[in-house]
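To start, the structure itself, in structure tokens.
Residue numbers (UniProt numbering): 1 to 718.
Here is the structure:
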């Protein structure tokens with residue numbers, strides 16, 4: 001005999017019921033459920049003579065209620081979990097009450113929904129089920145809601161069965177009720193809907209359901225689960241709830257159990273998102289944003305800001321005063337040429353240049369590569385652990401830290417968000433490095449690797465199937481009053497609502513990441529192939545041959561690149577900010593209690609300490625001292641002028657180069673040595689790797705690409 005049943009449109013075994021070997025016992029349970037419904041109910045659920053409207057009944061596929069995965073991840077509820085929440089189950093009582101009230105007022109009642117995979121039960125042989133005329137064969141089991149709802153072992157064995165039983169039990173109570181004001185009968189179901197739905201779920205009339213007994217069994221199970229504190233605790237109002245004397249038992253049960261899930265304590269696995277681990281994620285995102293902002297301030301943003309301030313200052317101060325008449329002609333010329341004739345933009349440019357040559361800028365740029373390397377491997381380690389624990393065939397590691405569906409959903413959501421969207425700060429810093437001219441295949445491969453892992457995680461199912469989770473919950477925490485099934489708190493999913501809106505905002509993060517990685521790879525490939533300006537010379541020849549190529553390269557392409565980089569950088573900055581907010585929300589869910597700071601949490605938060613310490617050291621002692629002490633005695637760090645950066649390939653920022661053109665170093669006695677010792681040269685913002693020395697003749701032969709107007713080279717160019 002199989003342990004699970006399958007149904008069309010759902011996964012095999014979803015919501016399957018337990019085996020009941022005694023068919024007579026099951027039949028007697030169904031009979032017991034039908035005796036107390038009253039003789040009046042035999043026709044009340046099918047007669048429509050008393051009301052203008054009947055209550056519609058529909059059969060719902062539970063996959064419509066499941067959490068369906070979305071493309072590329074980054075969303076809340078991106079798991080397939082064929083269950084429903086306790087809040088949704090309880091809301092069926094209110095829906096039934098509203099349908100009965102609408103019918104009494106001669107208004108169109110709302111539709112009642114039943115799940116088409118609930119109410120399973122099993123027998124040892126098909127002959128033992130033949131005694132039940134209403135039983136329906138479905139997959140590998142038999143289905144009869146009357147039997148399932150009369151047996152706690154079956155009723156609480158599935159969220160869908162409990163859904164159906166509470167709905168049918170409430171409808172049965174309202175069907176037997178007589179309204180004192182009109183004298184009309186109770187709730188009346190649509191006869192056609194009742195026939196169709198009942199045929200699928202194995203019942204023919206509401207008279208087969210004892211609503212009072214169903215509610216009593218439900219309340220007994222709820223109170224029993226409150227005595228088990230593994231998932232949470234209950235208020236005294238729930239543990240002392242009694243609806244036996246209520247005029248409307250349906251409403252009394254619905255209102256009395258409203259706070260049942262409030263006491264649940266869904267806990268995120270501390271290895272996934274403990275306080276120290278989450279704080280490390282926060283530091284990663286915050287450092288990425290701060291570093292990106294300061295890099296742009298040192299290189300470009302400061303000039304327009306200061307230019308705007310100078311313009312505003314000039315307008316407030318009025319026209320510049322003329323030079324003093326006692327001043328000499330040389331003084332007047334100096335003031336006129338160097339001060340009065342300079343625009344606000346030029347003055348701001350001078351300050352921008354000073355800031356870009358400062359020690360703080362050099363220290364920041366030098367520490368940036370190491371920060372990128374650390375965060376790349378940090379995110380990669382999270383992604384590899386996610387694939388090993390959550391996406392492997394062995395679910396034991398994931399199940400050991402899960403005690404409810406809410407915890408399972410929460411763990412999967414958090415680990416998806418961190419391992420997928422954690423790549424966004426890596427992409428932001430890589431863009432910053434590329435814009436500074438630091439193009440290194442080693443770092444590019446790290447970035448491409450972590451992004452590829454993010455795509456793999458986004459397309460993999462990290463959630464174990466329903467049967468695996470349910471079997472684990474049933475084994476680890478059975479409740480006797482629930483027929484040996486897990487606590488109904490297992491269905492409480494309200495703990496995931498707090499992160500829903502935040503996680504949904506990350507939906508398109510990987511879309512932007514696809515564009516960013518593609519552009520980074522193209523940029524790295526171009527500069528690798530463009531050694532000695534080979535590709536530039538080819539484009540120059542095309543320009544001479546075609547005016548269209550000239551226009552596209554000199555006019556359209558620069559505008560396109562400016563807009564492209566602005567869009568990518570601005571988009572990444574926004575998404576990293578959203579990611580930072582999401583991680584802060586996770587920290588609020590996890591908490592920062594002192595008892596949660598375990599040994600591993602303290603280690604996790606220190607991963608960024610070396611980067612911060614190195615940046616502080618570079619600021620205090622300088623790049624020459626900070627980097628030089630780490631090198632072998634065969635290497636040394638030398639600072640060169642600004643022109644050296646232009647000679648290394650032209651362009652806009654620090655870079656790694658294979659040239660060494662320091663004039664003083666070149667004229668030293670080591671020039672004629674047979675063995676050339678490589679050295680490392682520092683520009684104002686980064687290091688320039690050197691592998692060979694250049695003679696004065698070589699420097700002069702370079703013409704426009706050599707060291708222009710350098711008096712130490714003896715070569716000048718107007």
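We put the CB at the ideal spot given by N, CA and C, even for glycine.
Rounded separation between residue i and residue j - CA only
i, j, result
"residue 549", "residue 536", "13 angstroms"
"residue 482", "residue 489", "12 angstroms"
"residue 384", "residue 453", "8 angstroms"
"residue 252", "residue 243", "6 angstroms"
"residue 290", "residue 514", "24 angstroms"
"residue 380", "residue 459", "17 angstroms"
"residue 401", "residue 271", "10 angstroms"
"residue 616", "residue 294", "15 angstroms"
"residue 369", "residue 444", "11 angstroms"
"residue 60", "residue 213", "25 angstroms"
"residue 194", "residue 204", "7 angstroms"
"residue 344", "residue 556", "29 angstroms"
"residue 517", "residue 573", "15 angstroms"
"residue 519", "residue 475", "51 angstroms"
"residue 162", "residue 589", "30 angstroms"
"residue 449", "residue 614", "26 angstroms"
"residue 470", "residue 601", "31 angstroms"
"residue 355", "residue 530", "31 angstroms"
"residue 234", "residue 273", "26 angstroms"
Helix, strand or coil at residue i according to DSSP, with G and I counted as helix
i, result
"residue 485", "strand"
"residue 460", "coil"
"residue 59", "strand"
"residue 232", "strand"
"residue 368", "helix"
"residue 114", "strand"
"residue 343", "coil"
"residue 637", "strand"
"residue 163", "helix"
"residue 109", "coil"
"residue 435", "helix"
"residue 54", "coil"
"residue 608", "coil"
"residue 631", "coil"
"residue 189", "strand"
For residue i, the nearest candidate out of the options (CA to CA)
i, options, result
"residue 153", "589, 616, 487, 514", "487"
"residue 148", "413, 160, 168, 121", "121"
"residue 373", "396, 441, 359", "441"
"residue 196", "222, 113, 634", "113"
"residue 202", "146, 238, 246, 223", "146"
"residue 288", "494, 433, 158, 464", "433"
"residue 478", "221, 210, 347", "221"
"residue 403", "257, 265, 632", "265"
"residue 119", "566, 158, 308", "158"
"residue 364", "299, 170, 317", "299"
"residue 176", "150, 155, 210", "210"
"residue 284", "622, 632, 609, 631", "609"
"residue 435", "564, 417, 358", "564"
Rounded distance between the beta-carbons of residue j and residue i, thought under 8 angstroms
i, j, result
"residue 415", "residue 390", "6 angstroms"
"residue 250", "residue 84", "Actually they are not in contact, since the Cβ atoms of residue 250 and residue 84 sit about 19 angstroms apart, beyond 8 angstroms."
"residue 192", "residue 106", "Not confirmed; about 20 angstroms, so no contact."
"residue 492", "residue 86", "5 angstroms"
"residue 206", "residue 189", "7 angstroms"
"residue 312", "residue 607", "Going by Cβ atoms, the distance from residue 312 to residue 607 rounds to 44 angstroms, so no, they are not a contact pair."
"residue 303", "residue 357", "No, residue 303 and residue 357 are not in contact; Cβ-Cβ is about 14 angstroms, not under 8 angstroms."
Nonlocal neighbours in the same chain, by C-beta distance under 7 angstroms from residue i, ignoring five residues either side
i, result
"residue 388", "none"
"residue 167", "92, 96, 112, 114"
"residue 398", "389, 390, 464"
"residue 360", "619"
"residue 423", "379, 450, 451, 454, 513"
"residue 611", "367, 370, 371, 374"
6 angstroms CB neighbourhood of residue i in its chain, flanking five on each side removed
i, result
"residue 605", "276, 279, 280"
"residue 240", "none"
"residue 628", "637"
"residue 350", "none"
"residue 524", "439, 444"
"residue 472", "399"
"residue 677", "Confidence is the limiting factor: at residue 677 the pLDDT is only 37, short of 50, which leaves the residue's position unreliable and the question unanswerable from this model."
Neighbour flag for residue i against chain B, beta carbons, 9 angstroms
i, result
"residue 492", "Absent here is chain B; the protein component of the structure consists of one chain."
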